[in-house]
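All letters in the sequence shown, in the order written, are residues -3 to 214 by the numbering used here. Yeah, the Cβ is synthetic: ideal placement off N, Cα and C, and Gly gets one too. Since the structure is predicted, the reported quantities are computational estimates derived from the model, not experimental observations. A short write-up of the structure that comes next.
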Amino acid sequence: MKAVRVRLSSWTASFRYAGFMIGVQPSLPMPPLSTVYGLLSAAVGRIVTPADSFVGYTFESEGKTMDLERILEVQPGKGGKWNVIRREILFDARLNLYIDPKLRKHFEQPHFPLLLGRSSDLATVDEVAEVKLKPIKDQEATFGSSIFTDPPPGYRVATMYALPVYFTDTIPREAVGTRPFAMVAEKYKGVGSGVVDEEDDIAFELHTAQSLGLGTAG
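Written out as structure tokens, the structure reads:
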């Protein structure tokens, strides 16, 4: 199948793990689908959901550390106060994003700045290219560096998270499609199904509206 591969990079990245609210804010090891669809929305200039485009991606970073960050805690009707938290940060992040070809022009000229996390985690588009993804089923391949609904056997470490697929643009925002996902940061040999970017020689899961139980793409 045809897809557009967008290679993005950033000096820093941080993906908020909502389970921690006070004192320390660890980062997820890679962006969740909601962050990726937020990235697409920024590029297009309007909300983008699985009904608009399939999504597949791989993500890597060179390391992580903790830093101190000054934040403003806001309470509705009561104003806000400044606080200092410990924030986990990923360094030298690289995201390979696979999307519907009809969105290509939006990454060649993004509507809004592209971020890998916070407003300070500015991302650069390094490449936009049309590629062919090869479907595989119950085949041996290199998996990992990605997010899975059901990762193939063979991985050493995976962390399960309950994560939304995307957020609405209503006030207040609502989480849509929350379900368990496994984030597998390491590459590994396994037997499974998915799609392969033969140039990068890595298999990953392609997420669609149908596969996520959110209807069908338009």
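Apart from the five residues on each side of it in sequence, which residues of its chain come closer than 6 Å, Cβ to Cβ, to T145? Residue numbering aside, residue 145 sits at position 149 when the sequence shown is read from its first letter. Within the same chain, and ignoring the five residues on either side of T145 in sequence, no residue has its Cβ closer than 6 Å to its Cβ.
With distances taken Cα to Cα, identify the nearest neighbour of S115 among V0, R12, V2. Taking the first residue of the sequence shown as 1, we reach residue 115 at position 119. Distance check between S115 and each of V0, R12, V2 places R12 closest, using alpha-carbon atoms only.
Which value, in whole angstroms, describes the spacing of the CA atoms of A26 and A89? Residue numbering aside, residue 26 sits at position 30 when the sequence shown is read from its first letter. Residue numbering aside, residue 89 sits at position 93 when the sequence shown is read from its first letter. Looking at the sequence provided, one finds Met at residue 26 rather than Ala. So the alpha carbons of these two residues sit roughly 9 Å apart.
Given K185 as reference, the closest of A171, F200, P176 once Cα atoms are compared: Position 189 of the sequence shown, counted from the first residue, corresponds to residue 185. K185 has its Cα closest to that of F200, out of A171, F200, P176.
For E194, I'd like the list of residues in its chain whose CB is within less than 7 Å of its CB, leaving aside the five on either flank, ordered along the chain. Indexing the sequence shown from 1 puts residue 194 at position 198. Excluding five sequence positions before and after E194, the CB atoms of its chain that fall closer than 7 Å to its own CB belong to K130, given in chain order.
With DSSP as the reference, identify every bridge partner of A(-1), one or two as the case may be. One-based indexing of the sequence shown puts residue -1 at position 3. In the DSSP output, where bridge partners are listed per residue, A(-1) has V127.
Reduced DSSP secondary structure (H/G/I, E/B, other) of S30: Locating residue 30 in the sequence shown gives position 34, where the first residue counts as 1. Note: S30 maps to helix in three-state DSSP.
Just how far apart, CA to CA, sit P72 and D122? Here residue 72 refers to the residue found at position 76 when the sequence shown is read from its first residue. Here residue 122 refers to the residue found at position 126 when the sequence shown is read from its first residue. Between P72 and D122, the alpha-carbon positions lie close to 40 Å from each other.
Curious, which full-length beta strand (DSSP E) runs of at least 3 residues does the segment 62 to 86 contain? The segment 62 to 86 contains no whole beta strand (DSSP E) run of 3 or more residues.
If we count the other Cβ atoms within 10 Å of its Cβ and call it buried at 16 or more, is S23 buried or exposed? Looking up residue 23 in the sequence shown gives position 27. When all chains shown are included, S23 counts as buried.
With 16 other Cβ atoms within 10 Å as the buried cut-off, status of P109: To locate residue 109, count along the sequence shown from 1; it is residue 113. With fewer than 16 other Cβ atoms within 10 Å, it is exposed.
Of the choices L36, V187, K128, whose alpha-carbon is the least far from that of Q105? Taking the sequence shown and counting its residues from 1, the one referred to as residue 105 is at position 109. Closest option to Q105, judged by alpha-carbon separation, among L36, V187, K128: L36.
Under the assumption that G76 contacts L64 (Cβ atoms under 8 Å), give the Cβ distance between them as a whole number of angstroms. In the sequence shown, the residue the question calls residue 76 occupies position 80. In the sequence shown, the residue the question calls residue 64 occupies position 68. A Cβ-Cβ separation of about 19 Å leaves G76 out of contact with L64 under the 8 Å criterion.
Output the distance between the C-alpha atoms of A137 and Y53, rounded to the nearest integer angstrom. Within the sequence shown, residue 137 is the residue found at index 141, counting from 1. Within the sequence shown, residue 53 is the residue found at index 57, counting from 1. The alpha-carbon atoms of A137 and Y53 are separated by roughly 16 Å.
Would you report the Cα separation of A14 and A154, rounded to the nearest angstrom? Your numbering for residue 14 matches position 18 in the sequence shown. Your numbering for residue 154 matches position 158 in the sequence shown. A14 and A154 have their alpha carbons spaced roughly 18 Å apart.
Span of the alpha helix (DSSP H) holding K101? Against the sequence shown, residue 101 aligns to sequence position 105. If you look at K101, you'll find it in the alpha helix (DSSP H) that goes 100 to 104.
Looking at the secondary structure, which residues open and close the beta strand (DSSP E) in which V161 lies? The sequence position of residue 161 within the sequence shown is 165, counting from 1. Run containing V161: none; DSSP gives neither H nor E here.
Assuming the contact rule is C-beta atoms closer than 8 Å, A(-1) and V127 should be a hit. Round their C-beta distance to whole Å, please. Residue mapping note: residue -1 aligns to position 3 of the sequence shown, counting from 1. Residue mapping note: residue 127 aligns to position 131 of the sequence shown, counting from 1. Indeed they touch by this definition, with Cβ atoms about 6 Å apart.
Since S49 contacts A9 with CB under 8 Å, what's their CB separation in whole angstroms? Stepping through the sequence shown from its first residue, residue 49 is reached at position 53. Stepping through the sequence shown from its first residue, residue 9 is reached at position 13. Beta-carbon to beta-carbon, S49 and A9 are separated by about 22 Å, too far to satisfy the 8 Å threshold.
Using a threshold of 8 Å, state whether the C-beta atoms of I43 and D197 are closer than that. Translated into positions along the sequence shown, residue 43 becomes position 47. Translated into positions along the sequence shown, residue 197 becomes position 201. No, they are not a contact pair.
Beta-carbon separation of V32 and V2 under 8 Å? As a position in the sequence shown, residue 32 is number 36, starting the count at 1. As a position in the sequence shown, residue 2 is number 6, starting the count at 1. No, these two residues do not count as a Cβ contact at 8 Å.
Expected contact under 8 Å - CB spacing of V102 and V40 to nearest Å: As a first step, residue 102 is located in the sequence shown; it is residue number 106 there, counting from the start. As a first step, residue 40 is located in the sequence shown; it is residue number 44 there, counting from the start. Checking the sequence, you will find His at residue 102 rather than Val. About 5 Å; that satisfies the 8 Å criterion.
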